[in-house]
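Q:
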Amino acid sequence: MAKIEACLFDLDGVIVDTAKYHYLAWKRLANNLGFDFTIENNELLKGVSRVRSLEILLEIGNYTATEEEKLKMAADKNEWYVEYISKLKEDEILPGVREFLLELKANGIKIALGSASKNSMLILNNLGLTKYFDAIIDGNKVSKAKPDPEVFILGAEELGISPENCVVFEDAKAGIEAAKAANMKAIGVGDKTILGLADKVVKDLSNANIDIIKF
Ligand code: BG6
Ligand code: MG
Numbered sequence: 002m003a004k005i006e007a008c009l010f011d012l013d014g015v016i017v018d019t020a021k022y023h024y025l026a027w028k029r030l031a032n033n034l035g036f037d038f039t040i041e042n043n044e045l046l047k048g049v050s051r052v053r054s055l056e057i058l059l060e061i062g063n064y065t066a067t068e069e070e071k072l073k074m075a076a077d078k079n080e081w082y083v084e085y086i087s088k089l090k091e092d093e094i095l096p097g098v099r100e101f102l103l104e105l106k107a108n109g110i111k112i113a114l115g116s117a118s119k120n121s122m123l124i125l126n127n128l129g130l131t132k133y134f135d136a137i138i139d140g141n142k143v144s145k146a147k148p149d150p151e152v153f154i155l156g157a158e159e160l161g162i163s164p165e166n167c168v169v170f171e172d173a174k175a176g177i178e179a180a181k182a183a184n185m186k187a188i189g190v191g192d193k194t195i196l197g198l199a200d201k202v203v204k205d206l207s208n209a210n211i212d213i214i215k216f
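Structure below.
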């Protein structure tokens, strides 16, 4: 069994719960357009790119828009979202995450971010976590969305570690699929019924330690 030398982390839903802020911003857009957007609807957008999220939202509202209007909508939504996450503080880091990153570092394991979000740097900086990452691959560096493996392949390349020596931590089904397509181990963080393709699933990282990356 290949030894794990690097951990690649998704951001939203693994390191911090930003879904609530995405929800507030998407709901504000939907309400401005004259329809509602529920917390259940928001589940459909987890791990999904900004552009695809907007398409799903417009489908829910049965709302037709031109490409130009869509660009404006996505920009508005992001402006509101950035307003919310600009206030993010270290106390919003999900339980156990910082301790786990420190333990990985102490054990010589490389750490990378693999996120679809174009706001990753702002979030990591506000949480005071940027210094723990040896490589950061975010939505500004990739052209293909998860489940395409691009984001994780680039992360492994930047770290200089072979994919089979990497493990991915993900809360979205598409992210687990991306990890598997990259030929990496995958640890699901969240609901076992959704993340069944993963090699292991944990509820959260509150009790995570170095043993979790032993397969
Ligand atoms: C993912 C989130 O990490 O990033 C999605 O789970 C989000 O909900 C996507 O749409 C893109 O994020 P951003 O910050 O670039 O709009
Ligand atoms: Mg996620």
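In terms of the numbering used here, the sequence shown opens at residue 2 and continues consecutively. By construction, the Cβ of each residue, glycine as well, lies at the ideal position given by its N, Cα and C atoms.
(1) Hey, how far is the Cα of residue 8 from the Cα of residue 185?
(2) For the beta strand (DSSP E) holding residue 6, just list the boundary residues, first then last.
(3) Have a look at 156, 25, 136 and flag the residue whose alpha-carbon is nearest the alpha-carbon of residue 83.
(4) Any chance the CB of residue 225 is under 7 angstroms from a heavy atom of the ligand MG?
(5) If you count every other CB in all the chains shown that lies within 10 Å of the CB of residue 39, and 16 or more means buried, which is it?
(6) At which residues does the beta strand (DSSP E) containing residue 209 begin and terminate?
(7) Less than 7 angstroms separating the Cβ of residue 54 from some heavy atom of the ligand BG6?
(8) Tell me which residues share the same chain as residue 19 and place their Cβ nearer than 6 angstroms to its Cβ, disregarding the 5 neighbours each side in the sequence.
(9) I need the straight-line Cα distance from residue 194 to residue 108, nearest angstrom please.
(10) Please find out if some non-hydrogen atom of the ligand BG6 comes closer than 7 angstroms to the beta-carbon of residue 46.
(11) Locate the beta strand (DSSP E) running through residue 111, then write down its first and last residues.
(12) Report, in whole angstroms, the separation of the C-beta atoms of residue 47 and residue 173, which I expect to be a contact under 8 angstroms.
(13) Taking residue 32 as the reference, give the member of 118, 160, 206, 74 with the closest Cα.
(14) Could you tell me whether the Cβ atoms of residue 156 and residue 115 are closer together than 8 angstroms?
(15) Check whether the Cβ atoms of residue 5 and residue 137 sit closer than 8 angstroms, and answer yes or no.
(16) Around the Cβ of residue 179, are there at least 16 other Cβ atoms within 10 angstroms (buried) or fewer (exposed)?
(17) For the ligand MG, is there any heavy atom lying closer than 7 angstroms to the beta carbon of residue 172?
(18) Beta carbon of residue 15: closer than 7 angstroms to some heavy atom of the ligand MG?
(19) Are at least three pairs of beta-carbons, each pair with one atom in the stretch 121-129 and one in the stretch 89-103, less than 8 angstroms apart?
(20) Looking at the unbroken alpha helix (DSSP H) that takes in residue 153, where does it start and where does it end?
(21) Do you know how far the Cα of residue 206 is from the Cα of residue 95?
(22) Looking at the ligand MG, does it come within less than 7 angstroms of residue 156, judged from the CB to the closest heavy atom?
A: Reading off the structure:
(1) Just so you know, the alpha carbons of residue 8 and residue 185 end up roughly 10 angstroms apart.
(2) Counting along the chain, residue 6 falls outside any beta strand (DSSP E), and DSSP gives it neither H nor E.
(3) 25
(4) No statement about residue 225 is possible, as the shown extent of the chain runs from 2 to 216 and does not include it.
(5) exposed
(6) Looking at the DSSP string, residue 209 is not in any beta strand (DSSP E), and its letter there is neither H nor E.
(7) With a cut-off of 7 angstroms, the C-beta of residue 54 is classified as near the ligand BG6, since at least one heavy atom of the ligand falls inside that distance.
(8) Setting aside the 5 residues that flank it on each side, residue 19 is surrounded in the same chain by 13, each with a C-beta closer than 6 angstroms to its C-beta; the list follows chain order.
(9) 31 angstroms
(10) yes
(11) 111-115
(12) 5 angstroms
(13) 74
(14) yes
(15) no
(16) If you draw a 10 Å sphere on the C-beta of residue 179, you find 16 or more other C-beta atoms in it, and that means buried.
(17) Flag set: Cβ of residue 172 near the ligand MG.
(18) When distances are taken from the beta-carbon of residue 15 to the heavy atoms of the ligand MG, the shortest one is below 7 angstroms.
(19) With a cut-off of 8 angstroms, the stretch 89-103 and the stretch 121-129 count as touching, because enough Cβ pairs lie within range.
(20) 151-160
(21) Cα to Cα, residue 95 sits roughly 8 angstroms from residue 206.
(22) Answer for residue 156: no, Cβ out of range of the ligand MG.
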